[in-house]
Structures are given as C-alpha cells and as structure tokens.
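Working notes, structure below.
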Amino acid sequence: MSDAFDRWMEWRHKPTGDKRSIPAELYAAVMSLPDADRSDRQRVNEAVRDHDEARREGRTVWLYLDDYQDGRTRTIGEPGWIKVFASADTADRWFKENDPEGVAWEYEVDGGPAEGSVWLYSPDPDS
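Just so we're aligned, residue 803 is where the sequence shown starts under this note's numbering, counting upward by one.
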C-alpha cells in the first residue's frame, strides 16, 4: 500500500505527457513544505496528515484570485478581487456557474477555525 509520499513521488516523476493527477489536497500539503523537505518521506506524510486534520477541523479555506475585469487590472481590496470559499465543493459549484476554467487554492487558516471574518495578507501588492 502506498503512502502520501509514494503518490507524490510517482506524480512528480511521471513521464512527459502522462496525464496522471493527484488530489489537490495532497499537492497543497506538499507544496506548503520547503523544496528540500518535499523529498523527505516523513515530512511529506506528516504535512499531509496535518493538512487533513486542519481540513477536518474547519481550519482551511479555498481562495480564488480574479486580478482582471473587463481588460483592466483589479486593485487589492476591490470587490470581486478575491473570493474565499469554505470548502472545495462550494468553490466547484461557484466555478461551474461563473468561471469554468477558474482555480481556487486551499490554504490553512492560522490560529484555528475561522470565526466571523477571515483576514488575508498579501505581501506583494503587484501579485
């Protein structure tokens, strides 16, 4: 039986043209690690377990960034610039109706489950 590390490594080293995929939550957990740790079985499996626990406890959100509208760049804080979803299912339903090619990324909420508002920090105003 393969673990998260095996699935990650199989996907990471798949041949060019291979359409094999991995679950978004596995990708998100591994990509949260520094590059050097992504080749460490223990650290990868631990990151995936921690990420799964955060999701079960309601400590993750899905973010969709919409930088452009009608050919112009949106500014930070502008309505519609970012959407925050409480689950992948909620994001999927919204994408089907509003942006079928859009993608949301899952992030852990620091400090525990979201209570009321979720605050976002963007270190790069040009991102």
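We put the beta carbon where it would ideally sit given N, CA and C, even for glycine.
As the structure is a computational prediction, the values presented were derived from the model and not from experiment.
Assigned exposure category for residue i - 16 Cβ within 10 Å defines buried
{"i": "A856", "result": "buried"}
{"i": "A906", "result": "buried"}
{"i": "P859", "result": "In the sequence on display, residue 859 carries Glu and not Pro. With fewer than 16 Cβ atoms within 10 Å of its Cβ, E859 is classed as exposed."}
{"i": "S929", "result": "Unreliable positioning characterises S929 in this predicted model, as indicated by a pLDDT of 49, which lies under 50. The coordinate reading is nonetheless provided below. So S929 ends up on the exposed side."}
{"i": "A888", "result": "exposed"}
As assigned by DSSP and simplified to three states, the class of residue i
{"i": "K885", "result": "strand"}
{"i": "V863", "result": "strand"}
{"i": "E880", "result": "coil"}
{"i": "T892", "result": "helix"}
{"i": "R822", "result": "coil"}
Among the options, the one whose alpha carbon lies nearest that of residue i
{"i": "A806", "options": "A849, D820 and T818", "result": "A849"}
{"i": "E868", "options": "R861, T862 and F897", "result": "The residue asked about is misnamed: residue 868 is Asp in this sequence, not Glu. It is F897 whose Cα lies nearest to the Cα of D868."}
{"i": "W864", "options": "R843, S804, V911 and N900", "result": "V911"}
{"i": "Q871", "options": "M833, D894, R845 and D901", "result": "D901"}
{"i": "D854", "options": "A831, R845 and E899", "result": "A831"}
{"i": "D891", "options": "A826, H815, R822 and T818", "result": "A826"}
Neighbourhood of residue i by C-beta, 8 angstroms cutoff - its chain only, sequence neighbours within 5 removed
{"i": "R809", "result": "I824 and L828"}
{"i": "N847", "result": "D805, A806 and F807"}
{"i": "S834", "result": "A849, H853 and E910"}
Cβ shell of residue i (< 7 angstroms), same chain only, five flanking positions each side left out
{"i": "E812", "result": "none"}
{"i": "Y909", "result": "T862, V863 and L865"}
{"i": "P796", "result": "Examination of residue 796 is not possible in this model, given that the chain is present from 803 through 929 alone."}
I want to know whether the stretch 835 to 851 touches the stretch 877 to 885 - three or more CB-CB distances under 8 angstroms. no
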